[in-house]
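Every letter in the sequence shown is one number past the one before it in this note's numbering, and letter 125, counting from 1, is 168.
The beta carbon of each residue, even a glycine, is placed where N, CA and C say it ideally should be.
No experiment lies behind these values; they were computed from the predicted model shown.
Here is the structure we will look at, set down as C-alpha cells.
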Amino acid sequence: MAAKQKAKAVTMAKGTLARGFEPNWSTHPGEHLQEYLALKGWSQAEFARLSGLTPKLISEIINGKNPVTPETAIIFERVLGLKAYIWTGWQASWDQFQARRAAQKKAAQRKDWLRQHDYKTLQKLGILPNTKDWGELVDAFLSFLGIGTPEALEARLKGLAIQYRQSSKHRSEPGNILAWHMLGEHAVRSLDLPPYNKVKFEAAVREIRSLTLLPASEFQPRMRQLCHEAGAALVFIEPLKATALFGAARWLAPDRPLIQMSLRMKTNDHFWWTFFHEAGHILLHEGRNFADDESAKGEGAEAEADAFAEELLYGRKRLAHILEEQPRSEQRVREIAKELGLHPGIVAGMLQHYRVIPFSHLNKLKARLDFPKNSAASND
C-alpha cells in the first residue's frame, strides 16, 4: 500500500479504537486484506507462501468465513507492515457488529413490551433513534434505562432506592417512571455544578420563595441559578405518558442532590408546592430518594416534607388561623396572599387542598405556567 494510504488506514483505525466509535455497519478484516493484496499486486497463493499460512485459510479469511486471530494478525503485520492491533481491532469490530445484529434481531421480538412505554416522546427528545426498526429501538431503550433485558426493569427501579408516594387514582407504568428518572440524570450531565452546600441551598430555597410573584420567564432562570450555586441540580422534565409523578428528590452522589419536576400540572400552586416539598426532602432527608404525587397521602418523611413546605410558605401557626377563618371570597384570598407575600393562586390552591373552597372555585387566581417544549432535552 502507498505510504499515504497506509497512514490514513492507521489513523482511522487508531481514531476508531480511541473514540469507541460504533457505527451501524462493519467490514470483515478479510475485505481489508483483499484490498491490501490488490494494492501489492499479490495473489492469495503468493501471500499465503510469504505468510507461511495455507491458501485455504487466506481464502476463508478474505471471504469472511474465518476470523483474524491475534496470532494471524502478527503474521499479517510482519508481511504487510500494518500493526497487529489494527487487524484485531477490525476483527473485534466485526464480531461486535455481528453480535449486536443478533441481539437486535432478538430484541425486535419484544416490540410489544416497548409499545407499553412512551418511546415516541423519547424519540422526539432525541433520546431514542428516529427509526422504525424495532430491534434498534428496543436495544436503545434498554441501554437508556441501563438494563440488559426487560426482565431487569424491576431490579433497576429497586436499585434507585426511591420511595414513591403516588396517587391511587392514577396508574404509573414502571418503565416510564424509570425513563423519566433517567431523563433527569441525562439533563444533569450537562450541568457543571459545584459541590453541594447545605447552608447555601437552604438560603437559596428561602430566597426562591420571594420569586412566587414573578412570571415563569423571570423566576425559572433565577431559581435554577440559585440552586446551581448551592450545588443542587434543578431540572424540569415534562411527564411521560402513564406516569403520575409531580416531582422527585434524589441524591445522584453524596454531594449531588437533584430536584426533578414533571410540570404535570401547569398551574403555579402545584408548581411551587412541589418545589418546596422536594426541597424539604433534600434538606431534611440527606441521602434518601423520594418521588411524589401531590394528591397522595403522606406520612413519616413525606409528612415532614409537607410540614417544611407549609412552614416556609405560610407558617404553620398562620396557616392554622387561615383555615380556622375559612376564607372563601376572592378579595379575602388576595388580602391573605398580599400579607404572606405570595401569589394569590398559591393561597387559592391551598384552600382547595384543605377543602375550604371547592376545586372549581377561584381557579382564575392561579397563573398558568408554560415552559419551553422539550425542556428535558436542553434544560438551558
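How big is the Cα-Cα spacing for residue i and residue j?
i    : j    : result
R232 : L277 : 12 angstroms
H224 : A391 : 30 angstroms
L366 : L356 : 14 angstroms
R265 : V248 : 11 angstroms
T174 : I325 : 39 angstroms
H71  : N109 : 10 angstroms
L257 : L412 : 11 angstroms
A246 : G384 : 17 angstroms
I129 : T115 : 12 angstroms
W32  : D138 : The chain is shown from 44 up to 423; residue 32 falls before or after that span and cannot be answered.
A463 : L96  : Residue coverage of the chain in this structure runs from 44 to 423, which leaves residue 463 outside it and unanswerable.
A150 : W156 : 10 angstroms
R252 : G191 : 43 angstroms
L301 : E228 : 9 angstroms
C270 : Q141 : 46 angstroms
A135 : F187 : 24 angstroms
R4   : S305 : As displayed, the chain neither begins before 44 nor continues past 423, which places residue 4 out of reach and without an answer.
H75  : K83  : 12 angstroms
I272 : E250 : The amino acid occupying residue 272 in the given sequence is Glu; Ile does not appear at that position. If you take the alpha carbons of E272 and E250, they lie about 13 angstroms apart.
L362 : K381 : 14 angstroms
F279 : G343 : 26 angstroms
L171 : F184 : 7 angstroms
K243 : G330 : 17 angstroms
I379 : K163 : 44 angstroms
S215 : L236 : 31 angstroms
P3   : G202 : Here the chain has residues from 44 to 423 only, and residue 3 is not among them.
R364 : F289 : At residue 364 the sequence reads His, which differs from the Arg that was named. So the two alpha carbons sit approximately 28 angstroms from each other.
F351 : L234 : 27 angstroms
Q268 : I104 : 59 angstroms
H396 : E347 : 17 angstroms
A88  : A145 : 34 angstroms
H386 : A275 : 25 angstroms
K154 : R398 : 45 angstroms
Suppose the cutoff is 6 angstroms on Cβ atoms and the five residues either side in sequence are ignored; what does the same chain contact list for residue i look like?
i    : result
A410 : N311 and G388
L80  : F90
A259 : L412
T131 : P113 and A116
H328 : A344
S403 : none
L165 : L171
Go through its chain and collect everything with a Cβ distance to residue i's Cβ below 8 angstroms, but skip five positions before and after it.
i    : result
P217 : L196, E197 and L200
L254 : E261, F262, R265 and M266
I205 : H224, A291, R293, N332, F333 and A334
I117 : A127
G189 : R199 and M225
I400 : R371, A391 and L394
F314 : M304, L306, M308 and L412
D176 : Q147 and A151
Given residue i, which residues of its chain have a CB within under 7 angstroms of its CB, disregarding the five upstream and five downstream residues?
i    : result
K407 : none
Q147 : G178, E179 and D182
A50  : Residue placement at A50 is flagged as unreliable, the pLDDT there being 46, under the threshold of 50; a coordinate-derived value is accordingly withheld.
Q152 : none
L405 : E373, V376 and A391
L100 : N109
Hey, out of the options, whose CA is closest to residue i's CA?
i    : options                   : result
K167 : A346, L283, A348 and F333 : L283
T317 : L269, E345, L295 and P297 : E345
R92  : A246, I105, V122 and V111 : V122
G73  : F351, H160 and S102       : S102
G323 : L188, K241 and A135       : K241
W68  : G95, R143, E114 and G84   : R143
W133 : V111, E329 and P237       : V111
S94  : M308, A296, G274 and E120 : E120
R307 : E281, I220 and A296       : E281
P193 : F244, A222, L165 and I170 : A222
S230 : G124, F244 and G169       : According to the sequence shown, residue 230 is Ala rather than Ser. Per the Cα distances, G169.
L125 : A145, E78 and Q87         : E78
Round the Cβ separation of residue i and residue j to the nearest angstrom and send it over; I've been treating them as touching at under 8 angstroms.
i    : j    : result
H160 : N106 : That belief does not hold up - the Cβ atoms of H160 and N106 are roughly 42 angstroms apart, past 8 angstroms.
Y239 : D298 : 5 angstroms
D336 : A287 : 5 angstroms
R359 : E353 : 6 angstroms
Taking only beta-carbon positions, decide if residue i is within less than 8 angstroms of chain D.
i   : result
T70 : Here there is only one protein chain, and chain D is not present.
Is residue i near the ligand FMN, going by C-beta to nearest heavy atom under 7 angstroms?
i    : result
A352 : You won't find the ligand FMN in this model; it holds no ligand whatsoever.
Sequence ranges, beta strand (DSSP E) only - wholly within the segment 330-406, length at least 3: 332-335
Suppose only complete runs of 4+ residues qualify. What are the alpha helix (DSSP H) ranges in the segment 124-189, listed by chain order? 127-150, 154-158, 162-167 and 177-188
Of all the alpha helix (DSSP H) runs that stay within the bounds of the segment 247-329, which reach a length of 4 or more residues? 259-272 and 311-327
Which runs of the alpha helix (DSSP H) at least 4 residues long sit entirely within the segment 67-105? Give them in chain order. 72-83, 87-94 and 98-105
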